[in-house]
Every structure is written in C-alpha cells, then in structure tokens.
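Taken in sequence, the protein lines are chains A and B. Just so you know, we're using our numbering here: the first sequence kicks off at 32 and counts up by one. Just so you know, we're using our numbering here: the second sequence kicks off at 32 and counts up by one. Each residue gets a CB set at the ideal place from its N, CA and C atoms; glycine is no exception. Here the structure is a predicted model, which means the values were calculated and not measured.
2 protein chains.
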Amino acid sequence: MMLNQFLQIFLPVIEAELVAAVNRADGDRLADLHNILAYHMGWEGEGAGPEARGKRIRPMLTLLVTAAAGGEWRSALPAACAIELIHNFSLIHDDIEDNSPQRRGRLSIWNRWGIAQATNAGDAMFTLAHLELLHLIDFLPTSKVLQAVNLLQQTCLHLTQGQYLDISFEDRQDLTEADYWEMISGKTGGLMAACTELGALAASAQEIICQAYQLFGRSLGLAFQVQDDLLGIWGDNQLTGKSAESDLITGKKTLPILFGINQRGKFYNRWLRGPISPDEALEVTHLLEIDGGRFYAQEQVDQLTNQALEALELAQPIGDAGVALHELAEQLLHRQA
Amino acid sequence: MMLNQFLQIFLPVIEAELVAAVNRADGDRLADLHNILAYHMGWEGEGAGPEARGKRIRPMLTLLVTAAAGGEWRSALPAACAIELIHNFSLIHDDIEDNSPQRRGRLSIWNRWGIAQATNAGDAMFTLAHLELLHLIDFLPTSKVLQAVNLLQQTCLHLTQGQYLDISFEDRQDLTEADYWEMISGKTGGLMAACTELGALAASAQEIICQAYQLFGRSLGLAFQVQDDLLGIWGDNQLTGKSAESDLITGKKTLPILFGINQRGKFYNRWLRGPISPDEALEVTHLLEIDGGRFYAQEQVDQLTNQALEALELAQPIGDAGVALHELAEQLLHRQA
Chain A
32 MMLNQFLQIF LPVIEAELVA AVNRADGDRL ADLHNILAYH MGWEGEGAGP
82 EARGKRIRPM LTLLVTAAAG GEWRSALPAA CAIELIHNFS LIHDDIEDNS
132 PQRRGRLSIW NRWGIAQATN AGDAMFTLAH LELLHLIDFL PTSKVLQAVN
182 LLQQTCLHLT QGQYLDISFE DRQDLTEADY WEMISGKTGG LMAACTELGA
232 LAASAQEIIC QAYQLFGRSL GLAFQVQDDL LGIWGDNQLT GKSAESDLIT
282 GKKTLPILFG INQRGKFYNR WLRGPISPDE ALEVTHLLEI DGGRFYAQEQ
332 VDQLTNQALE ALELAQPIGD AGVALHELAE QLLHRQA
Chain B
32 MMLNQFLQIF LPVIEAELVA AVNRADGDRL ADLHNILAYH MGWEGEGAGP
82 EARGKRIRPM LTLLVTAAAG GEWRSALPAA CAIELIHNFS LIHDDIEDNS
132 PQRRGRLSIW NRWGIAQATN AGDAMFTLAH LELLHLIDFL PTSKVLQAVN
182 LLQQTCLHLT QGQYLDISFE DRQDLTEADY WEMISGKTGG LMAACTELGA
232 LAASAQEIIC QAYQLFGRSL GLAFQVQDDL LGIWGDNQLT GKSAESDLIT
282 GKKTLPILFG INQRGKFYNR WLRGPISPDE ALEVTHLLEI DGGRFYAQEQ
332 VDQLTNQALE ALELAQPIGD AGVALHELAE QLLHRQA
C-alpha cells in the first residue's frame, strides 16, 4: 500500500514538529503547564504512547494534499501541525464541556488537573496552534501566510459556532436535520476542509484546485462524522458493550437518532419515555434500525463519500501522493471502530 | 483635560468597531451565542450599559500611542479592538477558573449559561479577537500585519503562562516575589505592553520607538496591577466592606500579602492559622500594614510609575495625544477604586 510508505515518512516528522510546537509553552516555572500539554498529546504521563496520540489523520491529509497538488510537502508542515493542535485544543475543551472523564483510554485533562487548569491549558494549545502556523513564513510569501492565518481563524470561528450548537442540542427536543448538518459542518467538516485547503494553499495551487480540495476535505469530514455516528450505535464495541457506551445510552443526538426521532415510530415512543439503560440498549438499537435510522445514515455516508471522491477527481491529484490520498479516504470511510 | 477630548472622539468609534467584530459570530441558529458575547461586552441583557462595559482603557491606550507616534489613529483600530477582545476572552475564562460568580456587578457567563457554554463562548471571543486584528490589512502592508499577528499570539501565550502560574499559586505555600512578577508580567503587564507596542507598530514607528512604547505599556501594566493589589486591601470598598471582599478574606496571593508572609512576623503568624473572616479583616489589615506590606507595594508602584514615565519620555510622544497619554497614565496610577 502506497499510504503506508507515506505514513512511515510523514508520521515521525509530524510528531517531531508537534513536540517543537508544544515546547514553545515551556520555560522557567512552567514545567507543569508543559506536562499537561505533553500528557494530552500522548507523550508523557500514565498511558503515554502511540495509542494515546490519536492517528494524526488531519496532518497526514494536509501533507498528502500538498504533495498531490505538486508542492513540497515539508512546506506545509506548520499548517499540518497547526490543525492537529487546533484539533487537540478542541478535545481538551470538549471534554470539559461534555463532562467526559476519559479521552483515548486515559483520564481527561479536567479530570486529572481540574477545570481551571484544563480550561487554561486548552487556551495555551489554541495559541500554540496559531504560533505554529506562522512558521509557514519560512516557505511561503507573506500574502499566502496571511491567507492561511485568516483561513485557520475562520475555521476556529466555525468550530466554536458548531460547538455552541452541539452543547445547546442537549436541551432541545425540536432538532431538525438541518441543525445537525450545521453543527457538524462547523466541527469535523470544517476542520477537515481546512486540512485539505491549507495543503493546497501551501502547494500554491490555483484557486479552483484549492476549492476542489476544500470540498474533498469537507465531504470527507462529514462522511467521517456520520460514519462515527453509526459506529456509536452499531460499532463492535457498542453492540458487545465491551468498552464505550452506545450513544443510545448517553443520549447524544447523532444523525441516526435524530432521523429515528423524526419518524415518530416505535423508536420515538421509547425515546420519549426517558433514558435508555445498558440492558435495554440492544433492543432499542433494533427499534431504531427498523425505523430506518441505520439505513438512512449509511445512505448519507455513501452520498458524501461519492461527493468526496468526485471532488478529489476534480482536484486532479498527481503521483504516489494522489494514490495514497485515495487510500486514506477509503480507509477513513470503511473503518469498523 | 486633553484626555477627555480624546475619550469623546475615540470611545464611540471603539464601541462601534467592537460591535462589528462580535457580530461576526452571529448567524442563523446562532443568536444565543451572540447574546452571550454581547451580554459579556455589556451591550445586552440585565444590567447592560456603560457600567457593565469596563473603561476600554486598553484600546484607548493603543489609539493614543498611534497618534502620539505620529500615525493615523484609525489605522490602529483593529489592533486596539483585538486587544480589548482578548482582554474580554480572558475575563470569561478567568471567571470560570476562579469560580467568580460575578463580573462588573452582573452574573458571570458560567454562572448564567453554565461552564460548557462559557468555555466555548470564551473560545469564540478569542477567535473574534484574532479575526479583528486581520483587518489591519486595510491600513498596513502584509509584513506589518504578520508582525502584529505574531505579537498578539506571543502575548496570548504569555497570558496563558501567567494564568497557569496564577491558578497554581492557590495551592502553593512557598511563593517568592519572583513568582509574582512572572505571573503579572504574563497577564496585566504583557497585555498592556501589547497595547502600546501595537499602537506604535500601526504608526510605523522606528524599532527603538516601538520598544520604548512597549516598555511604557509593560511598566504601566505592572504598576496598574500592584495598585490593584493595594486597592484590594486598602481600597475604600475593602475597608468599609461596602461591596467587594478584601483580598485578605478571599486569600488571593497579591504582592502586599506575599511580602507580609515573607516577613515572618505577626501577619504571617495570623495567616498560618487559616482563613480570615470578614470580622477580623480590619485587624489583619493593620497587622499587614505594620509588617510593611502596604509601604512596600506602594514603593513598587512608585518605581514602576517612574519607569513608565521615563519610557514614555524616551518614546518622544508628540502633540495633544502625547499629553493625553500622560494624563491617562496618571489617572490609572492614582485611582482610588
């Protein structure tokens, strides 16, 4: 597989650059702040290691796009790492906002260091991301760097708008599908769109190519999120109850559940009666499947996947990186966990 | 007074620009997010009005510096407002981190909308600040804008480093004065230094002039903070117990208190015995004064004030704005509440 060869080259370089970016927060009297950030990145503390780091999909996507758009992938490294840091900033704050005690099998930051330090550590990560991006100046003209700065800040604004919707959805009973798409467009969709658009921008690709890559990233991100929603109910772990709890139990309003609610059928009637216990989860999962929630969400994944692949074709990716980009997209959309 | 004439011209323009900056977060389905931000800025909701807005000292400082450095003050407006938004972002998150129920006499954001929405609203304000700064492009060449972007991000990194120290100080018994200066250098000192340096940068002042204004802002900010520490114990409100509680009661480790602790005298002995009740506050205030905490802090304010005024002289401010800048510094350093 072509993708594996790129992973072997890119991943160590990405990791080293991320380490350098996070080290900028270190200094006299600041070792503990650095520890918090390094713990979150999976480099330090209990349970540190590759499992705790996530897959670094976003920076991989950026570097592959730069290469596939005919650019020098190293010149996109600050952009690739900036997005990964933004992603990690949002995880630190999301865990506070969702009251999630764990992240990647370890204690979440607020659970280990308290809400005060976690809020501030997220802010530090946010700033480090933007500082990292400015290192594009070593490779690109100032006007391109400013364009990238603006693009990343706009992405962050959409991220906070999507997160606002996500938090407010918890208390709302009248959600439409349009609300859902708006929410994930700001979050997963927007962040992946920024990955690919910044990759194309770092390759100094033409505007029309940048837009095609942007659409590729956005569609891929949306498909990825709906796939995640499906795995949140019908994933191996959820069905067997081995580790993570089904979204039916936590009550998260994902696409299959929203669709099920709006069918006003048997699933809806059960949903109205209040929280679903782990014992009931399998039965309610069947009700949702009968009412079409699984089929509908899968249809959306398929449509969005087609959109993503069409956009990728429009972008005319070249060389081995282009092949690897296809592989990465396929892998993201056909994962089982 | 010259300053009043500038306040009358600048304040409405600053306020209009801030409104426009915050409106960028608005949109379909996002009215409530906008409401949170507009409430915090003092424009909407219960208790809205000038009292709820703060004095907009920071943007005033930036615009006056630009004019006093021979520039066109309007060209610094995005920088001035960006800093004010950063200041307000930090207040939203500080209130979460300090568990403060009130801000400027009204419910703090987390207290009114919950920690989840407050954390996210702070993030939105943070992003809006950086987006506002990018509007410098209407007035300055791209290289200057990038310099400003870098300066503001570095300021934000120091802000989070200072805030990390501030939070960690709560649990520490071995604080030195050096810890204190490090902390306020990242917070009040760093933010005011950015105000004045960005003002000079927007005027395209020479590097040596920019540095003099930076030192002016930093010294002014440090003096302002120590003055604040003094008012937190010997301010009218604290002595009469009319509104805010004395820092002696809340146990905040400000400069006079740190100095008192390090004297190992009568104040220290009382401090060791645990929390100070409102009934005791006046008596313990006297102990601290006898042990030299008030005199020492006042000495620091005086020294820093001299440093600030010397730096201002080095910067050679011109015209009416230069006179107003002096007045603003004097006003900040001789306030009684």
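Note down, in chain order, every chain B residue with its Cβ under 7 angstroms from the Cβ of residue i.
i                      : result
residue 199 of chain A : 63
residue 191 of chain A : 151, 154, 155 and 158
Looking at the secondary structure, which residues open and close the alpha helix (DSSP H) in which residue i lies?
i                      : result
residue 47 of chain A  : 33 to 54
residue 177 of chain A : 173 to 200
residue 300 of chain B : 297 to 303
residue 287 of chain B : 286 to 294
residue 156 of chain B : 140 to 164
residue 237 of chain B : Residue 237 of chain B -> no alpha helix (DSSP H), and no H or E assigned at all.
residue 369 of chain B : Because chain B in this structure spans residues 32 to 368, residue 369 of chain B falls outside the shown range and cannot be described.
residue 359 of chain A : 350 to 364
residue 110 of chain A : 108 to 128
residue 91 of chain B  : 88 to 99
residue 314 of chain A : 312 to 321
residue 69 of chain B  : 62 to 71
residue 281 of chain A : 278 to 281
residue 209 of chain B : 208 to 215
Whole-angstrom Cβ separation of residue i and residue j, contact assumed at under 8 angstroms?
i                      : j                      : result
residue 157 of chain A : residue 120 of chain B : Contact doesn't hold; Cβ gap of about 10 angstroms is too wide.
residue 133 of chain B : residue 139 of chain B : 6 angstroms
residue 236 of chain A : residue 332 of chain A : Not confirmed; about 28 angstroms, so no contact.
residue 227 of chain B : residue 193 of chain B : No, residue 227 of chain B and residue 193 of chain B are not in contact; Cβ-Cβ is about 18 angstroms, not under 8 angstroms.
residue 98 of chain B  : residue 350 of chain B : 7 angstroms
residue 223 of chain B : residue 252 of chain B : 3 angstroms
residue 82 of chain A  : residue 136 of chain A : 7 angstroms
residue 55 of chain B  : residue 188 of chain A : 7 angstroms
residue 286 of chain A : residue 257 of chain A : 5 angstroms
residue 210 of chain B : residue 190 of chain B : Their Cβ separation, rounded to whole angstroms, is 17 angstroms, which puts residue 210 of chain B and residue 190 of chain B out of contact at 8 angstroms.
residue 356 of chain B : residue 343 of chain B : 7 angstroms
residue 92 of chain B  : residue 107 of chain B : With a Cβ gap of about 10 angstroms, residue 92 of chain B and residue 107 of chain B do not count as contacting.
residue 116 of chain B : residue 52 of chain B  : 6 angstroms
residue 128 of chain A : residue 198 of chain A : 6 angstroms
State buried or exposed for residue i, treating a residue as buried only when at least 16 other CB atoms are found within 10 Å of its CB.
i                      : result
residue 161 of chain B : buried
residue 86 of chain A  : exposed
residue 151 of chain A : buried
residue 207 of chain B : exposed
residue 339 of chain A : buried
residue 366 of chain A : exposed
residue 180 of chain B : buried
residue 243 of chain B : buried
residue 308 of chain A : exposed
residue 103 of chain B : exposed
residue 240 of chain A : buried
residue 184 of chain A : buried
residue 89 of chain A  : buried
residue 315 of chain B : buried
residue 279 of chain A : buried
residue 169 of chain B : exposed
residue 80 of chain B  : exposed
residue 32 of chain B  : exposed
residue 282 of chain B : exposed
Residue i versus chain B: which residues are under 8 angstroms apart at the beta carbon?
i                      : result
residue 194 of chain A : 151 and 154
residue 210 of chain A : 60
residue 56 of chain A  : 188, 191 and 192
residue 146 of chain A : 127, 128 and 146
Compile a chain-ordered list of the residues in the region 212 to 231 of chain B whose CB is closer than 8 angstroms to at least one CB of chain A.
213
Short of 7 angstroms Cβ to Cβ, which residues in the region 108 to 131 of chain B face chain A?
124, 127 and 128
Taking beta-carbon pairs under 8 angstroms, can you tell me which members of the region 159 to 183 of chain B lie near chain A?
159, 161, 162, 165, 168, 173, 174, 176, 177, 180 and 181
In the region 230 to 244 of chain B, which residues sit with their C-beta less than 9 angstroms from some C-beta in chain A, listed in chain order?
none
Contact set between the region 280 to 291 of chain A and chain B, restricted to residues whose Cβ is under 8 angstroms from the partner:
none
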